[in-house]
Amino acid sequence: MKICVIGTGYVGLVGSAVFADWGNQVIGVDNNPEKIKMIESGTMPIFEPGLKELVSKNISNGNLKFTNSLKDGIADAEIVFICVGTPMSEDGSADLKYIYQVADEIALEMKTPKIISIKSTVPVGTNRKVRDYIKSKTNIDFDSVSVPEFLREGSSIEDMNKTDRTVIGSDNKEAIEKVAKLFEHLGSPIVKCDLESAELIKYAANSFLATKISFINEIAQICDLSGADVTKVAEGMGLDSRIGPKFLNASIGYGGSCFPKDVQALFKTSENLGYHFNILDSVMKTNKNQKYYFLAKIKQIYGDNLAGKKVAALGLAFKNDTDDIRESVAIDIVKILLDLGAEVKAFDPEAMPNSKKVLGETRISYENSKEAALKDTDFLVVLTEWKEFKDLDQNLILGLRDKNVFDGRNLLDGVKLKELGINYFCIGKK
Ligand code: UGA
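Numbering (my numbering), first residue to last: 1139 to 1568.
Right, here's the structure in full:
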């Protein structure tokens, strides 16, 4: 199949490489020529495991090309996927300016019938509005199909290849069947529906997962108050197949470019439709408070003044296996520690270059290993769930001057640390 993917962010770049790897002829489009040059020369604009190799393999075998000309990109395409950003506007709704910019250009440059699919996460009703908008500007026939994306950063290639389901929404059954052909070989269920349901499935899924995280974060607070252990509670809950074990890790709160934005956007869409979404209101409040719950554990020991304290901070990315720091709660916490006067020695396997841009270099140093970050510090905070933080050198932990460890991801073995004489603070765990 001939495919054009517009936008080379997470969804667009990973999507174009994976579609090409499935044997399709794919052209990736981005209006930033520097980014195109970078990708073609083998430098990925984002860190994503396996992406560099997949892109270069498919450029070499001729399945994948990139261009900064949307006109050339869509010329022969049967399906055009729009994968541009939909950032949060000031009022909390999704900002659709990039979608409409692309819609304008497609309307201008489209010379043959196509299927146009918005893969970016867009509020319910957007595909239909954009369809009508393009229709008002061109006489060329086309179909609108909503195919929301469910990949996670850090495991996006695997997520696309082993997706739990594909969702395809359109008014036109033939267009649905055509798009379904692209995904049928995966063998996973395909949900075929109308445009609006497809759009809402995406928001509902992300909001439900965010709700699950906020729920377990509140349970963790009850665990702290009652002496229960949240990891055991989550294990016991998760074994119920109606609940499932995933997304029950208590934490400093969810972050990233999706959950905070999408929960807020669904809340806003509901308000606009005249419905107050009570649960999402609480989910957002719980998530906002969760970092302060963690910080309160630090303040309980040190008070409000951390001047003269040297803190080892492990993790800056919003989660493991990514260099992405958008809406990272780890970054928020480091900022607050710096505001309280602390000196921070930070380490993150991938996110330090991005972090430097927002945290600066005053009273914070970026170390080249977890060991280096731990050396000569008073206490430790663990802020991102990188697997490699699970095993920390015992002697270095014992070397912490105040013997205090604050684990915002429940990663470390608290029982063992306590046996060693370390004061271990975490989120609802023993
Ligand atoms: C999320 C969804 O999981 C994807 O299915 C979706 O496609 C994507 O958003 C999107 O809309 O594009 P992502 O933002 O990459 O993916 O990250 P997640 O793995 O979902 O993690 C989100 C946040 O929740 C992270 O800050 C993570 O640390 C936190 N989290 C996750 C927890 O605090 N506890 C958990 O149990 C799981």
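Every residue gets a Cβ at the ideal spot worked out from N, C-alpha and C, and that includes glycine. A quick note: this is a predicted structure, and the numbers were derived from the prediction, not measured.
Cβ of Ser-1294 within 7 Å of Cβ of Glu-1191?
-> no
Is Lys-1483 near Ala-1445, with beta carbons less than 7 Å apart?
-> no
Let me know if Arg-1303 comes out buried or exposed under the rule of 16 or more other beta-carbons within 10 Å of its beta-carbon.
-> exposed
Using only alpha-carbon positions, find the residue among Asn-1425, Asp-1242, Asn-1170 that is nearest to Lys-1582.
-> Only positions 1139 to 1568 of the chain appear in this structure, which leaves residue 1582 out of reach.
Have a look at Glu-1315, Glu-1228, Gln-1359 and flag the residue whose alpha-carbon is nearest the alpha-carbon of Phe-1432.
-> Gln-1359
Taking 6 Å as the cut-off, is the CB of Gly-1166 close to at least one heavy atom of ligand 1?
-> no
Would you say the beta carbon of Glu-1526 comes nearer than 6 Å to a heavy atom of ligand 1?
-> no
If you draw a straight line from the C-alpha of Asn-1277 to the C-alpha of Val-1268, how long is it?
-> 15 Å
Report back the beta-carbon spacing between Ala-1241 and Pro-1261 to the nearest angstrom; my notes put them in contact at under 8 Å.
-> Actually they do not touch by this definition, with Cβ atoms about 15 Å apart.
Spatial neighbours of Gly-1376 in its chain, beta-carbon cut-off 7 Å, leaving aside the 5 residues before and after = Gly-1382, Pro-1383, Leu-1386
Assuming Ala-1480 contacts Val-1449 under a Cβ cut-off of 8 Å, what Cβ separation, rounded to an integer in Å, is found between them?
-> 5 Å
By a C-beta neighbour count over all protein chains shown, 10 Å radius and 16 as the cutoff for buried, is Val-1329 buried or exposed?
-> exposed
Three-state secondary structure assigned by DSSP to Gly-1569 | Any property of residue 1569 remains undetermined from this structure, which presents the chain solely from 1139 to 1568.
Which one of Gly-1161, Lys-1203, Lys-1429 has the shortest CA to CA distance from Thr-1146?
-> Lys-1203
Contact check, Phe-1517 vs Leu-1538, beta carbons under 7 Å | yes
Applying the criterion that 16 or more other CB atoms from any shown protein chain within 10 Å of the CB defines a buried residue, is Asn-1196 buried or exposed?
-> buried
What are the boundary residues of the beta strand (DSSP E) that includes Phe-1381?
-> For the record, residue 1381 in the displayed sequence is Ile; it is not Phe. Counting along the chain, Ile-1381 falls outside any beta strand (DSSP E), and DSSP gives it neither H nor E.
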